[in-house]
Amino acid sequence: MTGIPHLQFDWHGEETDAVLSKYLYTINVAPSVHVLSQALMDIVQNEPLNWKTFTIAYETSSDLSRMQHLLAWKQFHKTGIKLIPFHRDDDYRVLWKVIKNSRERNVLIDCPSDIIVELMRESINFNMTTSFN
Numbered sequence: 073m074t075g076i077p078h079l080q081f082d083w084h085g086e087e088t089d090a091v092l093s094k095y096l097y098t099i100n101v102a103p104s105v106h107v108l109s110q111a112l113m114d115i116v117q118n119e120p121l122n123w124k125t126f127t128i129a130y131e132t133s134s135d136l137s138r139m140q141h142l143l144a145w146k147q148f149h150k151t152g153i154k155l156i157p158f159h160r161d162d163d164y165r166v167l168w169k170v171i172k173n174s175r176e177r178n179v180l181i182d183c184p185s186d187i188i189v190e191l192m193r194e195s196i197n198f199n200m201t202t203s204f205n
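Residue numbers (the numbering used here): 73 to 205.
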């Protein structure tokens, strides 16, 4: 336990009371899983996006907790939401090829910030970063 007051800006999953009790002088200003999930839902569901279908590409299944509102929304749409897992060391061209072949234009990527540049760089070769995607 630390007695030094401090702020955290890191996102962590929902923590247990035992873990939280060790950080009595800590304030974490990152949004909770519930708030982040609702924010994603609001962005996707409302204008100007108003997506009816989309693909979620994610690195780990624990990342899907941030998508709980979107996953619950699936029941309201005929074609729904496609889920595509990938791994850090995968060839990202395969991921983009699968997405492109599915004719999906709306994609949510959930991955750590240290791989997003490489992941998005590979999407350029598949024309998945234009204003129409």
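Just so you know, even glycine gets a beta-carbon here, dropped at the ideal spot from N, CA and C.
| Check | Outcome |
| --- | --- |
| Which residue comes first and which comes last in the beta strand (DSSP E) that contains K154? | I153 to P157 |
| Is it the case that the Cβ atoms of E176 and T132 are separated by a distance below 8 angstroms? | no |
| In three-state terms, what does DSSP make of V166? | helix |
| What's the call for A102, buried or exposed, on a 16-neighbour Cβ count within 10 Å? | exposed |
| Could you give the distance in angstroms between the alpha-carbon of V179 and the alpha-carbon of S104? | 23 angstroms |
| Just the Cα atoms here: how many angstroms apart are D162 and D186? | 14 angstroms |
| Take the Cβ of S109 as the centre, count every other Cβ of all protein chains shown within 10 Å, and call the residue buried at 16 or more, exposed below. | buried |
| List the DSSP bridge partners of D261. | Only positions 73 to 205 of the chain appear in the structure, and residue 261 is not among them; the question remains open. |
| Can the beta-carbon of R138 be found less than 8 angstroms from the beta-carbon of L112? | yes |
| With DSSP run on the structure shown, which of helix, strand or coil describes M200? | coil |
| What do you get for M73, buried or exposed, if any count of 16 or more other CB atoms within 10 angstroms of its CB means buried? | Only weak support exists for where M73 lies, its pLDDT of 49 falling under 50; the value from the coordinates is given anyway. So M73 ends up on the exposed side. |
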